[in-house]
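K.L.:
The sequence shown begins at 1 in the UniProt record's numbering and counts up by one. C-beta: ideal position from N, C-alpha, C; glycine also. Computed from a predicted model, the values in this text were never measured in an experiment.
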Amino acid sequence: MIIAIDGPAAAGKGTLAERLAAHYGLAYLDTGLLYRAVGRAMAEAGLDPDDAAAAARVAAALDPARLADPHLRGREAGELASRVAVHPAVRAALLDLQRGFARRPEGAVLDGRDIGTAICPDADVKIFVTAAPEVRARRRTDELAAKGRDVPYERILAEILERDARDSGRASAPLRRAEDAVLLDTSALDREAALAAAIAIVEAARAG
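As C-alpha cells, then:
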C-alpha cells in the first residue's frame with residue numbers, strides 16, 4: 001500500500017505522514033528533506049540555489065545519509081529547499097530515488113508537494129493536507145517559540161504566503177491537489193483528530 005500525502009508548508013502533513021506510517025507499519029519518507037539537503041549542500045559550498053545547473057549536479061550526487069542532518073529541519077533549510085525545488089532538473093534527479101522508496105514490497109508513506117501528482121500518481125491512497133495560512137503561521141510561530149526562537153508571527157505568515165506562491169507557481173510539478181486526492185483541512189483539528197481523520201480516509205480507500 002502506497003500512501004501519498006501532499007500539502008503546503010506547515011499544514012501538519014509531515015507529522016501526520018509519520019504517524020500514519022507507524023500505524024500501518026510502513027516505511028516513511030519525508031521527500032522535502034531531499035530538497036532541503038540539496039539546498040543546504042549548495043549553501044555550504046557557497047553556490048547560488050537559484051543556479052539550476054549547479055543545483056542539478058548537487059541533487060544527482062546527493063548522499064541519502066545527509067537526510068539525518070538535524071539542521072535540515074530548520075526554517076532556513078526550508079527556504080533553500082523551496083528555491084532549489086523550482087528547477088526541473090533537480091526534481092528529475094531525485095525522481096528515481098523517491099519512486100524506488102515507494103516500490104518497497106510492503107509499500108510506503110511519502111509526503112511532499114507532488115507525491116500524488118508526479119511521484120506516485122498511482123498511489124493507493126492520496127491525501128491533500130491543508131490549513132488556513134494564518135493557522136499554519138501560528139503553528140510555526142509557536143513551534144519556533146517552543147525551541148527558544150522568537151520570530152514574529154507576521155514574518156512567518158509572509159514567508160508561508162511567499163512559499164505557497166513559489167511552490168504553486170513553479171513550472172515543474174507544482175503544488176496542487178491531485179484530482180483523486182481526499183482533502184483534509186486541519187485548521188480546526190489537533191494532532192489526534194487529524195490522525196483519526198487520515199486513518200478513516202485510508203480505511204475507506206482500502207474498503208472500496
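(1) Which partner residues of Val109 appear in the DSSP bridge assignment?
(2) Taking 8 Å as the limit between beta carbons, can you name the residues of its chain near Leu161, skipping five residues before and five after?
(3) Ile160 lies in the alpha helix (DSSP H); which residues open and close that run?
(4) Would you say Leu16 and Ala37 are within 8 Å of each other, going by their C-beta atoms?
(5) Out of Leu110, Leu33, Gly100, Asp114, which one is the CA nearest neighbour of Leu80?
(6) Measure the C-alpha to C-alpha separation of Val125 and Ala41 and round it to an integer number of angstroms.
(7) Report the option in Asp190, Leu47, Ser82 whose CA atom is closest to the CA atom of Arg113.
(8) Under 8 Å by Cβ, that's how I've got residue 211 and Leu29 pegged, so tell me the actual separation to the nearest angstrom.
(9) Note down, in chain order, each residue of its chain lying with its Cβ closer than 6 Å to the Cβ of Ala173, except the 5 sequence neighbours on either side.
(10) Can you list, in chain order, the stretches of the beta strand (DSSP E) that have 3 or more residues and sit fully within the stretch 173-203?
(11) Assign Lys13 to one of three DSSP states: helix, strand, or coil.
(12) For the alpha helix (DSSP H) containing Thr141, list its first residue and its last residue.
(13) Run through DSSP, which three-state label would Val86 get?
(14) Relative to the C-alpha of Val202, which candidate in Val182, Ala193, Ala188, Asp190 has its C-alpha closest?
(15) Using 8 Å as the cut-off, can you tell me whether the stretch 184-203 makes contact with the stretch 142-149, which would need three or more C-beta pairs spanning the two stretches below that distance?
(16) Is Gly12 closer than 8 Å to Thr186 when the C-beta atoms are compared?
(17) Contact defined as beta carbons within less than 8 Å: I believe Gly78 pairs with Ala9. What is the distance between those atoms, to the nearest angstrom?
(18) Output needed for Val86: all residues of its chain with C-beta closer than 8 Å, excluding positions within five of it in sequence on either side, in chain order.
(19) DSSP puts Phe128 in a beta bridge; with which residues?
(20) Which word fits Ala194, buried or exposed, when buried means at least 16 other C-beta atoms lie within 10 angstroms of its C-beta?
(21) Mind checking whether Ala108 and Gly116 have CB atoms under 8 Å apart?
(22) Between Leu20, Pro70, Ala102, which lies nearest to Pro121 when the distance is taken from Cα to Cα?
P.N.:
Taking the geometry as given:
(1) Ile3, Tyr28
(2) Pro133
(3) DSSP places Ile160 in the uninterrupted alpha helix (DSSP H) bounded by 153-169.
(4) No.
(5) Leu33
(6) 33 Å
(7) Ser82
(8) An answer regarding residue 211 cannot be provided, because it is not within the stretch 1 to 208 covered by the chain.
(9) Arg91, Asp114, Ala118
(10) Counting whole runs of 3 or more residues, the stretch 173-203 contains the beta strand (DSSP E) stretches 182-185.
(11) helix
(12) 133-146
(13) coil
(14) Val182
(15) no
(16) yes
(17) 7 Å
(18) Arg166, Arg170, Ala171, Ser172
(19) Beta-bridge pairing links Phe128 to Asp6, Leu183.
(20) Buried, since its Cβ has 16 or more Cβ neighbours within 10 Å.
(21) With contacts defined as CB atoms closer than 8 Å, Ala108 and Gly116 fail to qualify as a contacting pair.
(22) Ala102
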